[in-house]
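One structure is given here, and the rest of the page talks about it.
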Amino acid sequence: MLYSKLFPKTLKQVPSGAQSLNHQLLVRAGFIHQEIAGVYTYLPLGWQVIEKISNIVRVEMNKIGGQEMLMPVLHPGENWKKTGRFKSFDTLFKLKGAGNKDLVLGPTHEEIIYPLLAEHIKSYKDLPLYLYQIQTKFRDEPRAKAGLLR
């Protein structure tokens, strides 16, 4: 793509809210745009990088017999309560759904995958099993100041 057509153009100034060097460089180069602390829009160049990395992971996982899946972003709070992490996971995004049910925006997927595997793996003959997913995760960080790094 021609630079003249590229969105957005490179910034000459360091963005005022960018504290870490990686954050400054990614914003200035037009890879990401910060909406609020810890929340970013991946701009076309940044999204291309994400897609290339994702495709490398897919190719390598598929080579070893991996099967890609997609688990829900929204988790039942009940799963998290069963493991005791509903209260102990300090950066958990919690919300209320219909019927005042506890819901969680997934920072990780153990609470979803373990019950699923327990239901479907019945014998050692079902193993080994290589499942993977590529997905956004959510954490309610008190101070997100390291750019894309946690």
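Residue numbers are given in my numbering: position 79 of the sequence shown equals residue 75, and the series is strictly consecutive. Think of the CB as a built atom: it goes at the ideal place given N, C-alpha and C, for glycine as much as any other residue. Only a predicted model underlies this, so the values are computations on that prediction, with no experimental measurement involved.
Short CB-CB distance (under 8 Å) between residue i and chain D
i, result
"Thr87", "The structure shown contains no chain D; it holds only a single protein chain."
Selection from the options that minimises the alpha carbon distance to residue i
i, options, result
"Ile109", "Phe89, Thr79, Leu88", "Thr79"
"Ala140", "Glu115, Gly95, His19, Ser50", "His19"
"Ala33", "Ile46, Gly42, Ala14, Arg24", "Ala14"
"Ile60", "Gly143, Leu144, Leu127", "Leu127"
"Leu99", "Asn75, Thr87, Ser119", "Asn75"
"Pro11", "Lys1, Val35, Val23", "Val23"
Which residues DSSP lists as bridging residue i, in chain order
i, result
"Leu127", "Gln63"
"Val100", "His71, Lys90"
"Val35", "Ile32"
Between the CA atoms of residue j and residue i - distance to the nearest angstrom
i, j, result
"Pro40", "Tyr(-1)", "12 Å"
"Leu91", "Phe82", "12 Å"
"Pro4", "Gln131", "25 Å"
"Gly42", "Phe85", "30 Å"
Cβ neighbour criterion (16 or more within 10 Å) applied to residue i
i, result
"Tyr120", "exposed"
"Gly93", "exposed"
First and last residue of the uninterrupted alpha helix (DSSP H) at residue i
i, result
"Phe85", "Here Phe85 belongs to no alpha helix (DSSP H), and DSSP marks it neither H nor E."
"Glu137", "Glu137 -> no alpha helix (DSSP H), and no H or E assigned at all."
"Pro111", "106 to 116"
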